[in-house]
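What follows is one structure encoded as structure tokens, with my remarks underneath.
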Amino acid sequence: MESKTAPPTIAPVARRTIAGMIVAMALIESLSGVTQGYLNPILPALGPSFSIDDPTINGIFLISNVSFAVLTPIISRLGDSYGYRLVLRWSTAVVAAGVIMMALWPSLWTVTAGVVMLTCVVGFIPLMMGILRVSNPSHTRTGVSVMIGMLMIMVGAGGLLAGIIGVDNPTLGFWVAVPFAVVALLCSFVLPDAGTPTREGLAVVPLLACSLGLIGFVVALSMGPEWGWLDAKTIVAGVLGLALLAAWVVFDARSGATKRFMDLRMLAVPRIRTVSMATFFFGFASIGYFGTNDIFLHSNPDKTGYGFGMSPLMIAVVLAAASVLSLVSSLLTSRALRLFGERATLVLAGLLLAGGFLTMAMAHGSLAGYCTGFALFNLSLGMYQAGTRALSVEGVPLEETATAAGLNELALSVGIAVGAAVVKLISSSFEQSGHISEGGLMSIWIALACAALVAAVSAARYPKKRTTAVRA
């Protein structure tokens, strides 16, 4: 991949300055964690407050999933073109505005709009990785580990705080994110203006093909269990989505193109291709399981034959405690990459994830056994999230850092959507008296364990020799 501009000059940066930057980035990422965590207990409880039914609430979650997928490549690409700090400030401002709007004027329409605005957090890590990599490439892995650690712990803390504050009135839970939004916005003005923007405009046709294709594909996957997989709406949305995504790949991968939305030729770099594939299957096997985990913990064993009858607050406590394990593993990931190597670290994350699901399958009859499996799940979660993100930008030019990181985020988002669709399909196929049968849960655990093993196999193809030098 040839560089369109001269690579930015890397000036020496003091260790104290780098430490301050990483702290500011962690505080910004805390907003991302809180907003992703606090919606889970709030949205399902909004029915009586807004006089809406479950399909409407599911529709809000669908809008969130679609927005995450669509905005991932757009915000990342804007960062490379117009400056990481500038785009980060605007993204943080949009998220802060959405947070404050939902807290001050909670209604169906403000929450729906606010959920879309909150998905701008998807650009935080790619943009901050761009700033950090230009400022001091040697601290990129450490910075990513700290940011992911903060993300993991605040997802759990955000859900717990929202559940406690909104126990009587769920709309009060929206205030949880307000102080984090203010702090994040202030921190976005502390970070340096690193890098030289390419000033290359966005290619409109590939952008539209990618965005509309993602909308069609994610809608088909999300609504397939409700509409029916053979329903005309599902088939049309899915086929059109895949066709548009294929067109986007053709537009952005051809060698003679003078203007691209995202340079997909970076997938020709073996390490980038390998990390993207592993990220897809890691996302497939992990994030979509959280809903099933809540169902399992909440289920009354006298009625369903499984579960522990936990209240929503107790489930939030379990998730918050488990997020501590994700925090620890993410903070240790940069050291593991250095001591054991990239390949071994990612493979270990896949094996831990698969082991977690197999432990849940074999020992779900006891709380201690299930929590052991869920602990392995969370250890893997922090490890792969930090590892794949840090490795996703190694081997690409500095001025394409955010785009490369965004491509990895896109692989994660699509993997999550596909995994969630598979979980929904299995759940609907094994439904008995309004509940997932125990056999259905076993099928989910086995299917996700297999996906985790595929992620480990994909990671095993990562090149042994590490080359982190910046190429012009």
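Our numbering applies: residue 600 is where the sequence shown begins, and numbers increase by one. Backbone N, C-alpha and C fix where the C-beta goes; we use that ideal spot for every residue, glycine too.
Span separating the alpha-carbon of Leu-685 from that of Val-789: 12 Å
Ordered list of beta strand (DSSP E) runs contained in the stretch 853-878, each at least 3 residues: none
As assigned by DSSP and simplified to three states, the class of His-1034: strand
Beta-carbon separation (whole angstroms), Glu-799 vs Ser-680, contact threshold 8 Å: 5 Å
Segment contact, 8 Å Cβ cut-off, at least three pairs: the stretch 698-706 with the stretch 662-672: no
CB contact flag (Ala-974, Ala-756, <8 Å): no
Nearest-angstrom beta carbon gap, Gly-1039 and Ile-1025 [assumed within contact, 8 Å]: 6 Å
Under the three-state DSSP convention, the category Thr-767 falls into: Note on identity: in this sequence residue 767 is Asp, with Thr being the wrong assignment. Coil.
Where Pro-805 falls: helix, strand or coil (DSSP): helix
Buried or exposed (CB count within 10 angstroms, at least 16 for buried), Pro-725: buried
Beta-carbon proximity list for Leu-717, same chain, < 6 Å, skipping 5 on both sides: Thr-634, Val-694 and Gly-697
Member of Tyr-888, Pro-778 and Ser-922 whose CA lies at the smallest distance from the CA of Ile-699: Pro-778
Residues near Leu-951 by beta carbon distance below 6 Å, same chain, minus five either side: Leu-975, Leu-978 and Ser-979
Backbone secondary structure at Lys-603 - three-state DSSP: Because the pLDDT of Lys-603 is 43, which lies under 50, any placement of that residue in the model is unreliable, and the number read from its coordinates should be weighed accordingly. If DSSP states are grouped into helix, strand and coil, Lys-603 belongs with coil.
Closest by C-alpha distance to Ile-989, when choosing among Arg-937, Val-848, Gly-964 and Met-959: What sits at residue 989 in the sequence shown is Ala, not Ile. If we check each option's Cα against that of Ala-989, Arg-937 comes out closest.
Alpha-carbon spacing of Thr-608 relative to Ser-991, whole angstroms: A caution first: Thr-608 carries a pLDDT of 43, below 50, which makes its placement in the model too unreliable to give a value.
Exposure of Phe-939, with buried meaning 16 or more beta-carbon neighbours within 10 Å: exposed
Reduced DSSP category for Lys-832 - H, G, I as helix; E, B as strand; rest coil: helix
Rounded Cβ spacing between Val-1022 and Gly-837 (contact assumed at less than 8 Å): With 8 Å as the limit, Val-1022 and Gly-837 do not qualify as a contact, their Cβ atoms being about 17 Å apart.
Own chain residues within Cβ distance below 7 Å of Arg-676, not counting five before or after: Leu-801, Phe-860, Met-861, Thr-1002 and Gly-1005
Cβ neighbour criterion (16 or more within 10 Å) applied to Thr-616: exposed
Integer Cβ distance of Gly-955 from Gly-972, believed to fall under 8 Å: 5 Å
Rounded Cβ spacing between Ala-783 and Val-733 (contact assumed at less than 8 Å): At roughly 21 Å, the Cβ-Cβ gap does not stay under 8 Å, so Ala-783 and Val-733 are not in contact.
Per-residue DSSP class, three states only, for Thr-795: coil
Reduced DSSP category for Pro-1062 - H, G, I as helix; E, B as strand; rest coil: coil
Host alpha helix (DSSP H) of Ala-719 (start-end): In the sequence as displayed, the identity of residue 719 is Cys instead of Ala. Cys-719 -> no alpha helix (DSSP H), and no H or E assigned at all.
Separation of Ile-752 from Ser-928, as counted between CA atoms: 11 Å
Residue closest to Leu-997, alpha-carbon to alpha-carbon, out of Thr-655, Thr-709, Leu-1011 and Leu-731: Leu-731
CB contact flag (Arg-1060, Thr-795, <8 Å): no
Terminal residues of the alpha helix (DSSP H) in which Tyr-983 lies: 966-990
Buried/exposed call for Pro-647, threshold 16 Cβ in 10 Å: exposed
Continuous alpha helix (DSSP H) assignments of at least 4 residues falling wholly in the stretch 673-700: none
Spatially closest choice to Ala-1016 from Thr-655, Ala-845 and Thr-878, by CA coordinates: Thr-878
Straight-line gap, Gly-742 to Leu-1047 (C-alpha atoms, nearest Å): 30 Å
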